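In what follows, a structure is listed as structure tokens, so that the remarks can point back to it.
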Amino acid sequence: MRRTPWPRLLVVAFVATVLTFGGLRIVESRGATLLAVPLLASVLVLGIAAVVLALGRSVRLFTQGKRPGLDPLLAARTVVLATASAYTGALLTGWYAGHVLIVLGDLAIPARRDLAVTAGTAMVCTVVLAVVGLVVERWCEVPPPDDDVEGSGASAPSGSAA
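For the sequence shown, position 14 matches number 1166 in our numbering, and the numbering has no gaps at all.
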């Protein structure tokens, strides 16, 4: 399994930002009011990042030989969770960046400033989630075996993940 390329995550975040900004412009032009992002959203995103990091750490300890046993299914699920976290973090970063951009010109208005602060905080938390996903993906890589049989003609897979 290949690692998620970080430029792809940047593209996902950029596209989500553009779509969110455009959608919010349309919604606001029809008279809707944007509300501040709840603090719970940031706390939950950081909680998910902590869980992914903890699961990744257990896999990393196993691959380094510091943990005796690990269920292979748990390791595989950890890689999938890390990849999903990276993409989710990128998508939500774009979502919250669109919110910040829509109110950037109106920071003198207290309600708009509150939205900018809460959406900016949530955006930072989602960037943390994406980075944690990428780091845990790297931790879950299994190095290729060193004891390759010379005469078998088969080559070991390089850089495969758990």
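Ideal Cβ placement from N, Cα and C applies to all residues, glycine included.
The structure presented is a predicted model; accordingly, all values stated were derived computationally and were not measured.
Identity of the residue in the options nearest residue i by Cα
i            : options                   : result
residue 1194 : 1276, 1292 and 1283       : 1276
residue 1268 : 1168, 1282, 1248 and 1228 : 1248
residue 1186 : 1212, 1254 and 1279       : 1254
residue 1224 : 1292, 1174, 1164 and 1155 : 1292
residue 1261 : 1188, 1164, 1174 and 1219 : 1188
residue 1155 : 1239, 1177 and 1202       : 1239
residue 1177 : 1252, 1298 and 1214       : 1252
Buried or exposed by the 16-neighbour rule on C-beta atoms within 10 Å, applied to residue i
i            : result
residue 1246 : buried
residue 1196 : exposed
residue 1172 : buried
residue 1237 : buried
residue 1289 : buried
residue 1169 : buried
residue 1192 : exposed
residue 1250 : buried
residue 1256 : exposed
Assigned secondary structure, residue i (DSSP; H/G/I helix, E/B strand, else coil)
i            : result
residue 1310 : In this predicted model, residue 1310 has a pLDDT of only 49, less than 50, meaning its place in the structure is not dependable enough to derive any value.
residue 1303 : With a pLDDT of 49 at residue 1303, under the threshold of 50, the modelled position of that residue is not reliable, and the figure given next carries that caveat. Helix at residue 1303.
N-terminal and C-terminal residue of the alpha helix (DSSP H) that residue i is part of
i            : result
residue 1198 : 1191-1215
residue 1183 : No alpha helix (DSSP H) holds residue 1183; DSSP gives it neither H nor E.
residue 1224 : 1224-1255
residue 1259 : Looking at the DSSP string, residue 1259 is not in any alpha helix (DSSP H), and its letter there is neither H nor E.
Cβ distance (whole Å) where residue i is taken to contact residue j below 8 Å
i            : j            : result
residue 1284 : residue 1205 : 5 Å
residue 1200 : residue 1259 : 30 Å between Cβ atoms; not a contact.
residue 1241 : residue 1270 : At roughly 18 Å, the Cβ-Cβ gap does not stay under 8 Å, so residue 1241 and residue 1270 are not in contact.
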